[in-house]
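A quick write-up on the structure given underneath.
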Amino acid sequence: MGLILLVDMDSFFASCEQLKRPELKDKAFVVGTGVESRKEKSVVQTASYAARKFGIHSAMPFSMALKLKPDIIYLPSDDKFYEQTSEKIVGLLKSYRMKMEVMSIDEMALDSGTEDYPSARMIAEAIKSRISNEIGLQCTIGISTSVVYAKMVCDAFKPNRIGIVKRAELKAFLADKDVIEILGVGGKTKEKLNKMGITKVSELAKVPATRLVDSFGRFGAELSRIAKGEDETGVVEGAPAISIGRETTLDKETDDINEVAGVMARLAKEAIEELGKRKLWYRNVASKARYTDFTLRTKARRLSNYTDSYETALNTSTELLRDLLSNGKVRKVGIRLSEFSRQSGQAKL
DNA sequence: CAATCGCTTCACT
DNA sequence: CTAACGAGTGAAGCGATTG
Numbered sequence: 089m090g091l092i093l094l095v096d097m098d099s100f101f102a103s104c105e106q107l108k109r110p111e112l113k114d115k116a117f118v119v120g121t122g123v124e125s126r127k128e129k130s131v132v133q134t135a136s137y138a139a140r141k142f143g144i145h146s147a148m149p150f151s152m153a154l155k156l157k158p159d160i161i162y163l164p165s166d167d168k169f170y171e172q173t174s175e176k177i178v179g180l181l182k183s184y185r186m187k188m189e190v191m192s193i194d195e196m197a198l199d200s201g202t203e204d205y206p207s208a209r210m211i212a213e214a215i216k217s218r219i220s221n222e223i224g225l226q227c228t229i230g231i232s233t234s235v236v237y238a239k240m241v242c243d244a245f246k247p248n249r250i251g252i253v254k255r256a257e258l259k260a261f262l263a264d265k266d267v268i269e270i271l272g273v274g275g276k277t278k279e280k281l282n283k284m285g286i287t288k289v290s291e292l293a294k295v296p297a298t299r300l301v302d303s304f305g306r307f308g309a310e311l312s313r314i315a316k317g318e319d320e321t322g323v324v325e326g327a328p329a330i331s332i333g334r335e336t337t338l339d340k341e342t343d344d345i346n347e348v349a350g351v352m353a354r355l356a357k358e359a360i361e362e363l364g365k366r367k368l369w370y371r372n373v374a375s376k377a378r379y380t381d382f383t384l385r386t387k388a389r390r391l392s393n394y395t396d397s398y399e400t401a402l403n404t405s406t407e408l409l410r411d412l413l414s415n416g417k418v419r420k421v422g423i424r425l426s427e428f429s430r431q432s433g434q435a436k437l
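Note that this note's numbering numbers the first sequence so that position 317 is 405, with each residue one more than the last.
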């Protein structure tokens, strides 16, 4: 494994919108989930940099963004366009013929194949200028000895820069970081660590690995390695999907299966389309419901055979949802397909 | 008692 | 000042069940 380059697009969705509408440049706006008419019930997916100055950020309810900046511009998410743009970027990166992992719609990890820092920097500079010239977007590239560290370097250098942290500098780089900055550590894990008296990565490094394994299982061992600068997570090419799902919030809360039939049909159709793109068959269908009190429940069924049938997906998910609706009114419904087989028949996972 | 099932929790964006 | 605000996608974790 060579040095890892982690390419992360800067405020990707917002920047895509600026590509479509250059007049948005320097404007404070957000790209939110859901259509314009339902923006009060939506969440910020990406805030433009001008909007971030007001404290607006991803995952923030749009209602709160409005309080921070009453004249903030709202744009509904144009997923198709972001997807197309992402594919262009992936295509551009593929031309470098390095091992690549598409981590998400706006994030790709590359194995440079070289241990030489100046060489890695030159590659990163070339990539960065090509993305700028050919796509018209800015990105940040983090370079380090593993995917996890490259990601953390990328975050530290955002936006619009190339950051390098060499093996010898890793300890110092990690030491003063808060544990929340570790890839895979979210709010819950941070709280648990804090209760153990651990706030900084340097403190995490001093805790015996066995203690972390006791509290966090497999992830505990990984946490320990990361904290000590010993992580060696490499680029995994083309990791297969484990599940494909679609969900949406309803216009009106209901416990009537007939009122959500149309919505389920659309979700099932979209999920099956995605499945078809990846040439997969499924054997498990799950339905999901978020109730008015915000509790979440799912119900799943395994089929006797692999299939790519839309009707089976719709009929099964509707049946499962009917069950979920007997518990009360719901605000959101979803479908998820899993347990895949490549194309037809009996092939094992 | 390990594998599997059905479901919940967690981490991102 | 704390609680409330609250979309969508995906993987991992976990307790109960089972062969």
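Beta carbons: idealized from backbone N, C-alpha and C, even for Gly.
Residues sharing a beta bridge with residue i, DSSP
| i | result |
| --- | --- |
| Thr336 | Val421 |
| Arg140 | In DSSP, Arg140 forms no bridge with anything. |
| Lys376 | Thr386 and Gly422 |
| Leu93 | Leu198 and Ile231 |
| Ala288 | Note that residue 288 corresponds to Lys in the displayed sequence, not to Ala. According to DSSP, Lys288 bridges with Asp266. |
| Val118 | Ala135 and Tyr162 |
| Ser439 | Given a span of 89 to 437 for the chain in the structure shown, any question on residue 439 remains unanswerable. |
| Thr395 | Tyr370 |
Cβ-based burial, residue i [other Cβ within 10 Å; buried from 16]
| i | result |
| --- | --- |
| Gly350 | exposed |
| Met97 | buried |
| Ile330 | exposed |
| Arg378 | buried |
| Ala435 | Reliability of the predicted coordinates at Ala435 is poor, the pLDDT of 43 falling under 50, and the value obtained from them is presented with this limitation in mind. By the neighbour-count rule (16 or more Cβ atoms within 10 Å), Ala435 is not buried but exposed. |
| Thr298 | exposed |
| Glu310 | buried |
| Gly433 | The predicted position of Gly433 is uncertain, since its pLDDT is 48 and thus under 50; a value taken from the coordinates is nonetheless stated next. Gly433 should be labelled exposed. |
| Arg424 | buried |
| Arg389 | exposed |
| Leu412 | buried |
| Ser200 | buried |
| Arg109 | exposed |
| Lys239 | buried |
| Ser217 | exposed |
| Met186 | buried |
| Leu384 | exposed |
| Met352 | buried |
| Val418 | buried |
| Asp319 | buried |
| Ala256 | exposed |
| Ala327 | exposed |
| Arg334 | buried |
| Ser312 | buried |
| Thr380 | exposed |
| Glu399 | exposed |
| Ala260 | exposed |
| Lys127 | buried |
| Phe428 | buried |
Beta carbon of residue i nearer than 8 Å to that of residue j
| i | j | result |
| --- | --- | --- |
| Met191 | Leu181 | no |
| Val289 | Lys278 | no |
| Lys387 | Ser375 | yes |
| Val95 | Ile229 | yes |
| Ile177 | Ile160 | no |
| Ile150 | Val132 | At residue 150 the sequence reads Phe, which differs from the Ile that was named. Going by C-beta atoms, Phe150 is nearer than 8 Å to Val132. |
| Val236 | Thr173 | no |
| Ile332 | Leu363 | yes |
| Gly251 | Ile223 | no |
| Ile345 | Thr404 | no |
| Leu258 | Leu93 | no |
| Phe307 | Ile193 | no |
| Val348 | Val421 | yes |
Cβ pair count under 8 Å reaching 3, the stretch 206-213 against the stretch 164-178: Inter-segment contact for the stretch 206-213 and the stretch 164-178 is absent: fewer than three beta-carbon pairs are separated by less than 8 Å.
Uninterrupted beta strand (DSSP E) stretches inside the stretch 185-266 (no shorter than 3 residues): Counting whole runs of 3 or more residues, the stretch 185-266 contains the beta strand (DSSP E) stretches 187-192, 195-199, 227-232 and 250-252.
Alpha helix (DSSP H) runs contained entirely in the stretch 325-374, provided each spans 4 or more residues: Counting only runs of at least 4 residues, the stretch 325-374 fully encloses the following alpha helix (DSSP H) elements, listed from N- to C-terminal order: 345-365.
Stretch-stretch touch, CB-based, cutoff 8 Å, three pairs: the stretch 102-122 with the stretch 133-141: By the C-beta criterion, the stretch 102-122 is judged to be in contact with the stretch 133-141, since at least 3 inter-stretch pairs fall below 8 Å.
Uninterrupted beta strand (DSSP E) stretches inside the stretch 135-182 (no shorter than 3 residues): For the stretch 135-182, whole beta strand (DSSP E) runs of length 3 or above, ordered along the chain, are 161-164.
Touching by the beta-carbon criterion (3+ pairs, under 8 Å), the stretch 392-400 and the stretch 325-341: The stretch 392-400 is not in contact with the stretch 325-341.
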